[in-house]
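Structure first, commentary second.
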Amino acid sequence: MNHPADLKYARTHEWVRIEGDLVVTGISDHAQEELGDLVYVEAPEVGSHVTATEQAGIVESVKTASDIHAPVSGTVVEVNTDLEDDPDFVNEEPYGKGWIYKIKPDNIADVEKLLSNSEYESGF
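For the sequence shown, the working numbering begins at 707 and goes up steadily by one.
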């Protein structure tokens, strides 16, 4: 499994990358491997407020469905609309083309409360 060291991770298998004053998030390589081939991604709506640790969306695979949790609280400013036609981007490039949404966090410092890649990987 590939979990980049420059990202932060939630125990619920979401990853976070800071881009300026925004937080980009998606599901980890571990999560997409466990789910199998994704067929549908439901991201939160642009303009909606998400709360850390609460459900923000859903991913569905040929095997199961799973909640996407918000890694930090904030306002959704962009969603990856490419996933509407190509949800398999999450399987192919979970940290690249497979990002799910971007958040303007209420407090950017909350990202530091998330796990490093080694802390995340020690959890499974």
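All C-beta atoms in this analysis are idealised placements derived from N, C-alpha and C, irrespective of residue type, glycine included.
Owing to the predicted nature of the structure, the values given are computational and were not obtained by experimental measurement.
- Taking K803 as the centre and dropping the five residues before and after it, the same chain places the C-beta of F795 closer than 6 Å to its C-beta, in chain order.
- Ranking V730, E748, A758 by CA distance to the CA of T718 puts A758 first.
- Within the region 733–806, the complete alpha helix (DSSP H) segments at least 4 residues long are 735–741, 788–791, 795–798, listed from N- to C-terminus.
- A distance below 9 Å separates the beta carbons of A776 and T731.
- Cβ contact annotation for D812 (same chain, cutoff 6 Å, sequence separation greater than five): S779, G780, in chain order.
- Its chain contains W805, I806 as the residues whose beta carbon lies nearer than 6 Å to that of N786, once the 5 sequence neighbours on both sides are disregarded; these appear in chain order.
- According to DSSP, I724 shares a beta bridge with V729.
- Assignment of beta-bridge partners to I809 by DSSP yields V729, V782.
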